[in-house]
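Protein chains in written order, with our numbering: chain C, 653 to 843; chain Y, 4 to 278.
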């Protein structure tokens, strides 16, 4: 469930800083634009702080961030924007997860299904080690397809995925259900 | 204020200045923070004030008496040969991100430099320029696609062929990884600069010239305001072509580009001045 308590004032500011753009990248999609959040240093800092407060001191050693196509939004996700600051603040390493052919070293891949066809997510060999505790970060969860792929990739190399964390959830797309028993933490709902 | 006409940056002797130029011929002086032992005075050249590029370290520089954190950072960056194509030595910063201390040191070095300087915008590029490098026989001026090359000091002269990777080939630079933490720490907003059609709102574009054709850099309308003081961040600077486009974009909306900051400089690619 979405974060709710006396931190309301921070959440409200974050929520109102996110701009919704209709019909981008194609008709019928209400695009959740986080670039406007990044224009408000207080809101951006609050976003990072809310995650850091939750995960600091929990012995997390890996923050994995995706930069993949989201089926619904159709544009690459921006896990790279939120992941690194969170990693820095909690003293974890940041591991990028990317579409094929973007990472320069040896990689391992995980395939996942799309509405039409499949795609792949990759991670550098040796970036994470068995037994590490990881957080998967993204700006938005829609269907949860790519998040599941990221979790599978990490679990295949025996990493313990502690939680998934996103700024925005689109609840009608039921991404939370797709994650099953894997905990999901979000700041705002994009309903 | 360190952006006056004449500034002093510490460098080892003999001084080896790198010169870049933007396509409108405004000079861009480059200095490396890893070369901090002697004083060099950079003079303004030409009619307009030049912009400055500061890199954490140059890949070819000697590093004595530099900030002790820099060597730690340097050793964490992995060079991957022949990626994404033969002949390219790819500077992979993902290994830097695996070392929390080195990553933090990288951010800290930039933050120490820019905090309290009233910077209101950090702009980060997500583009990639691929370079092929050929060595030249000195001396002299040479032309390739309108580029002139000259010697600076005893360093070898190199000529550049520029190419960009398109969205389909999809190799992107990582200004998005370093920019946001720096922005957070100095209390500035972070503005992404991207290839066409990636930003969802209304955009303004800046075209820049490649060896074969052109490409475009975009920024959201309203993200940057007239009077904003901006820092442009990227992980790597090679020729400075896209960095020049980024600066033009910011200046067109009335922002002042205070400096460009990069983790890695490839100084051997610097000696190009476009006409």
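Yeah, the Cβ is synthetic: ideal placement off N, Cα and C, and Gly gets one too.
At a cut-off of 9 Å between beta carbons, residue 791 of chain C makes no contact with chain Y. Below the 8 Å Cβ cutoff, chain C contributes no neighbours of residue 72 of chain Y, its closest Cβ being approximately 14 Å away. Around the beta carbon of residue 209 of chain Y, 16 or more other beta carbons lie within 10 angstroms, which makes this residue buried. If the five residues before and after residue 205 of chain Y are omitted, its C-beta is found closer than 6 Å to the C-beta atoms of 224, all from its own chain and listed in chain order. Look at residue 772 of chain C here: in three-state DSSP terms it is strand. Rounded to the nearest whole angstrom, the CA to CA distance from residue 809 of chain C to residue 782 of chain C is 6 Å. With a 10 Å radius around the Cβ and a threshold of 16 neighbouring Cβ atoms, residue 776 of chain C comes out buried. A residue is called buried when at least 16 other Cβ atoms come within 10 angstroms of its Cβ; residue 104 of chain Y does not meet this threshold and is exposed. Neighbours of residue 81 of chain Y across chain C, judged by C-beta separation under 9 Å: 756 and 757. Within the region 83-100 of chain Y, those residues whose Cβ lies closer than 7 Å to any Cβ of chain C are, in chain order, 83, 86, 93, 95, 97 and 100. Straight through space, the alpha carbons of residue 100 of chain Y and residue 715 of chain C are spaced by roughly 10 Å. Minimum Cα-Cα distance from residue 94 of chain Y among the listed residues C/740, C/746, C/757 and C/736 corresponds to C/757. Cα atoms of residue 236 of chain Y and residue 260 of chain Y: separation of roughly 11 Å, rounded to the nearest angstrom. Within chain C, the residues whose beta carbon sits less than 8 Å from that of residue 102 of chain Y are 745, listed in sequence order. Here residue 124 of chain Y is near residue 253 of chain Y, since their CB atoms are less than 9 Å apart. Taking a beta-carbon distance threshold of 9 Å, residue 771 of chain C does not count as an interface residue toward chain Y. A check of alpha carbon separations from residue 664 of chain C across C/689, C/824 and C/679 identifies C/689 as the nearest. 9 Å or more divides the Cβ of residue 248 of chain Y from the Cβ of residue 126 of chain Y. Within the same chain, and ignoring the five residues on either side of residue 113 of chain Y in sequence, the residues whose Cβ sits closer than 7 Å to its Cβ are 185 and 264. The beta-bridge partner set that DSSP reports for residue 676 of chain C is empty. Contact residues of the region 780-810 of chain C toward chain Y are absent (C-beta to C-beta distance below 7 Å).
Pairing residue 812 of chain C with residue 830 of chain C gives a Cβ-Cβ distance that is not under 9 Å.
Interface residue (Cβ-Cβ distance to chain C less than 9 Å): residue 200 of chain Y is classified as such. Residues 738, 741 and 742 of the same chain have their beta carbon placed closer than 7 Å to that of residue 704 of chain C, with the five preceding and five following residues left out of the count. With a beta-carbon spacing of about 7 Å, residue 772 of chain C and residue 762 of chain C fall inside the 8 Å limit used to define contacts. Not a single C-beta of chain Y is nearer than 9 Å to the C-beta of residue 702 of chain C. Using beta-carbon distances, residue 194 of chain Y counts as an interface residue toward chain C, with a partner under 9 Å. From the listed residues Y/117, Y/80 and Y/91, the smallest Cα separation to residue 106 of chain Y is found for Y/80. For residue 684 of chain C, the closest of C/667, C/692 and C/697 by C-alpha to C-alpha distance is C/667.
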